[in-house]
Amino acid sequence: MLFQACALILSLILIAFLIYKGLSPILSVVIGCSLMIWTNGMDYVATFQSALSTWGSVLMPAVFVTLFGAAMGVLYTKAGAIDSLAVWLLKPTQRVKNEDARIILSILLFIVFRIILGLAGFVNDAVMVTMFAVGAVVFRQADIDRRHLNAVLVIAGTIGLVLPGAPTQTNVMFALYLPGYSPTAYFLPRLMLMLLYIVLVCLIMLRYVKKDRAAGRHFEQGRMMLTETNRELPPVWLCFLPIVVVIITYTFLGIEAWVSITFGLIATMICLYRYFPQEEGKSHFASMIHYTNDGVLLIPLQFMLMVLPTMVMSLSPAFQWGIDALAESGINPYVSFAVLAVILVSFSGAGAIPTICTVAVSGYIGQSMSMYACVIIATWACTVFDSLPTNAAIVIQTELCDCPMKKAYPTIFTTTIVATGIITILATIAAAAGVFG
20 MLFQACALIL SLILIAFLIY KGLSPILSVV IGCSLMIWTN GMDYVATFQS
70 ALSTWGSVLM PAVFVTLFGA AMGVLYTKAG AIDSLAVWLL KPTQRVKNED
120 ARIILSILLF IVFRIILGLA GFVNDAVMVT MFAVGAVVFR QADIDRRHLN
170 AVLVIAGTIG LVLPGAPTQT NVMFALYLPG YSPTAYFLPR LMLMLLYIVL
220 VCLIMLRYVK KDRAAGRHFE QGRMMLTETN RELPPVWLCF LPIVVVIITY
270 TFLGIEAWVS ITFGLIATMI CLYRYFPQEE GKSHFASMIH YTNDGVLLIP
320 LQFMLMVLPT MVMSLSPAFQ WGIDALAESG INPYVSFAVL AVILVSFSGA
370 GAIPTICTVA VSGYIGQSMS MYACVIIATW ACTVFDSLPT NAAIVIQTEL
420 CDCPMKKAYP TIFTTTIVAT GIITILATIA AAAGVFG
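For the sequence shown, the residue numbers in the numbering used here are 20 to 456.
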């Protein structure tokens with residue numbers, strides 16, 4: 020059984036490696052899942068059918084959240100609403116004269132910008148290029164070496180996963196698998212963990228930038244595309260209206276996430292209609308509808324693909340054997356659950372949440388841990404190894420930043436893997452102390 024368990028891990032590594040080497044994610048997932056099935060002696064067709072039936076029926080609401088959140092993000096970008104919000108947020112940095120304070124404020128405002136987008140349910144993939152464009156402007160104004168830009172983009176992406184009370188991918192998935200789950204429960208402790216992470220990464224970034232200053236390194240544009248535009252931008256208050264619609268309907272009224280984001284998408288179309296550029300040969304309305312399909316379908320497809328390996332893995336006898344072995348090892352249940360969650364998300368990120376929830380319900384919730392203790396540990400565990408060099412977003416952002424992975428990754432490693440690892444440990448300690456019930 021040990022061989023089969025090792026084969027499961029090797030299959031996940033193979034999927035990540037093939038994607039990193041440029042193979043289609045669809046083919047990579049099929050090859051990796053096939054290896055899992057064959058090495059564990061499972062029936063090929065029956066296993067895929069079982070995994071796919073669960074995959075489709077359970078994840079469909081999450082697909083709508085991702086799809087509509089991506090469409091809303093694209094429309095915000097096309098209408099110039101994100102540019103308008105970014106310009107408004109960056110104004111305070113121009114009045115700060117102390118260099119250290121300006122660096123920290125610039126990074127903080129960039130994080131606040133991502134929080135605002137997160138409250139509206141914008142998924143990371145939908146706003147990746149936009150976040151890069153805003154981040155590049157922030158780095159130019161603060162005179163920070165562009166090799167750190169990818170790290171700050173990943174930090175923003177981490178915030179997009181752990182934001183409490185928002186329709187994030189993690190909150191939506193937990194709500195699907197854990198009846199009675201509320202994204203606003205234990206809001207203050209969850210907020211404190213996020214704020215601790217923000218403080219930690221700001222201090223790390225300040226240390227990096229000060230070392231750069233001492234070495235004479237400053238911002239250089241390189242081959243980065245920093246576009247300047249004189250187009251009319253929508254007023255800031257108008258940009259906030261669709262976001263407020265999502266916040267009120269999801270956070271305060273408790274409406275389903277995909278319905279709330281649908282309301283936000285409709286509000287975006289109404290509020291920002293006159294700011295959408297009109298494509299040649301198309302009416303203004305037809306242009307707007309076309310934008311909602313501008314690469315949007317690829318985002319939920321990629322998300323669902325990364326969930327499939329964990330669903331196949333959970334059907335393997337070796338997987339249950341590993342769970343039982345960990346449970347019987349005598350390790351503290353909070354520690355064993357945190358370790359298990361980190362392992363599961365190592366190569367699937369938030370896609371491992373269905374399996375984590377299954378494990379939590381069968382072996383932890385109601386026996387040794389509360390539901391929210393499991394959820395909050397798992398939320399932070401999802402961020403620890405989600406920024407490995409094999410992550411497709413990391414590779415794309417490295418190209419956008421015109422900086423080799425070798426130069427960019429040390430900052431990514433310390434601000435995400437190390438920093439989120441520390442917060443995961445703190446979350447585990449807090450859970451063991453009964454903070455989350």
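Note that the Cβ used here is the ideal one computed from N, Cα and C, for glycine as well.
CA-to-CA distance, residue j to residue i, given in whole angstroms
i      : j      : result
Ile262 : Lys110 : 21 Å
Val358 : Leu272 : 35 Å
Ser30  : Tyr353 : 27 Å
Val48  : Ile372 : 17 Å
Val84  : Val265 : 12 Å
Arg159 : Phe238 : 6 Å
Val255 : Leu212 : 29 Å
Leu214 : Thr58  : 44 Å
Lys301 : Pro202 : 41 Å
Ile285 : Thr435 : 35 Å
Thr439 : Ala344 : 26 Å
Glu251 : Tyr294 : 8 Å
Thr374 : Ala234 : 47 Å
Gln68  : Phe129 : 44 Å
Ile448 : Ile122 : 32 Å
Val153 : Leu94  : 16 Å
Asp164 : Leu124 : 16 Å
Tyr196 : Gln23  : 27 Å
Gly456 : Leu291 : 43 Å
Leu136 : Gly385 : 35 Å
Val82  : Thr112 : 38 Å
Glu418 : Gly241 : 11 Å
Leu257 : Tyr216 : 31 Å
Ile45  : Leu71  : 14 Å
Leu21  : Ala337 : 7 Å
Cys401 : Val364 : 5 Å
Asn143 : Ile134 : 11 Å
First through last residue of the alpha helix (DSSP H) which encompasses residue i
i      : result
Val454 : Per DSSP, Val454 belongs to no alpha helix (DSSP H) and is neither H nor E.
Asn169 : Leu168 to Val181
Asp231 : Phe206 to Ala233
Tyr383 : Tyr383 -> no alpha helix (DSSP H), and no H or E assigned at all.
Tyr292 : Here Tyr292 belongs to no alpha helix (DSSP H), and DSSP marks it neither H nor E.
His309 : His303 to Tyr310
Met101 : Reading off the sequence shown, one finds Ile at residue 101, where the question assumed Met. Element bounds for Ile101: Ala100 to Leu109.
Glu118 : Glu118 to Leu138
Asn190 : Gln188 to Tyr196
Leu334 : From DSSP, Leu334 is part of no alpha helix (DSSP H); its letter is neither H nor E.
Ser355 : Pro352 to Val364
Tyr391 : Met390 to Val403
Contacts around residue i, its chain only, beta-carbon distance under 6 Å, and the 5 residues preceding and following it disregarded
i      : result
Cys52  : Pro328 and Val331
Ile56  : Tyr63 and Thr66
Gln469 : The first residue shown for the chain is 20 and the last is 456, placing residue 469 beyond what the model contains.
Ala451 : Tyr353
Met307 : Phe295
Ile101 : Tyr95 and Thr149
Tyr205 : Tyr391 and Phe455
Glu298 : Ser306
Val361 : Ala400 and Val403
Spatial neighbours of residue i in its chain, beta-carbon cut-off 8 Å, leaving aside the 5 residues before and after
i      : result
Asp119 : Leu225 and Lys229
Ser348 : Ser355
Leu54  : Ala26, Leu29, Ser30 and Leu33
Nearest-angstrom Cβ-Cβ length linking residue i and residue j, presumed shorter than 8 Å
i      : j      : result
Cys422 : Asn169 : 7 Å
Val218 : Thr398 : The Cβ separation is near 18 Å, so there is no contact.
Ile174 : Val131 : Not confirmed; about 12 Å, so no contact.
Tyr200 : Met390 : 7 Å
Met150 : Thr287 : Rounded, the Cβ-Cβ distance is 18 Å, inconsistent with contact.
Lys426 : Arg232 : At roughly 17 Å, the Cβ-Cβ gap does not stay under 8 Å, so Lys426 and Arg232 are not in contact.
Gly88  : Gly140 : 4 Å
Leu138 : Ala105 : Incorrect: roughly 16 Å between the Cβ atoms, too far for contact.
Gly179 : Thr187 : 6 Å
Lys97  : Tyr310 : 5 Å
Below-8 Å beta-carbon distance, residue i vs any chain B residue
i     : result
Met61 : No chain B is part of this structure, which consists of one protein chain only.
7 Å Cβ shell around residue i - same chain, five flanking residues per side excluded
i      : result
Ser406 : Val173, Ile413, Ile431, Thr435 and Ile436
Ile126 : Val171, Cys221 and Met224
Arg209 : Pro183 and Ile395
Asp162 : His237 and Phe238
Ile280 : Val84, Phe87, Gly88, Met91, Gly140, Pro186 and Val265
Asn312 : none
Item to check | Unbroken stretches of the beta strand (DSSP E), 3 residues or longer, contained in the segment 249-275 | outcome: none
Checklist entry - Taking only runs of the beta strand (DSSP E) that begin and end inside the segment 26-96, which ones reach a length of at least 3 residues, in chain order? => result none
Item to check | 3 or more residues per run - each beta strand (DSSP E) lying fully within the segment 414-446 | outcome: none
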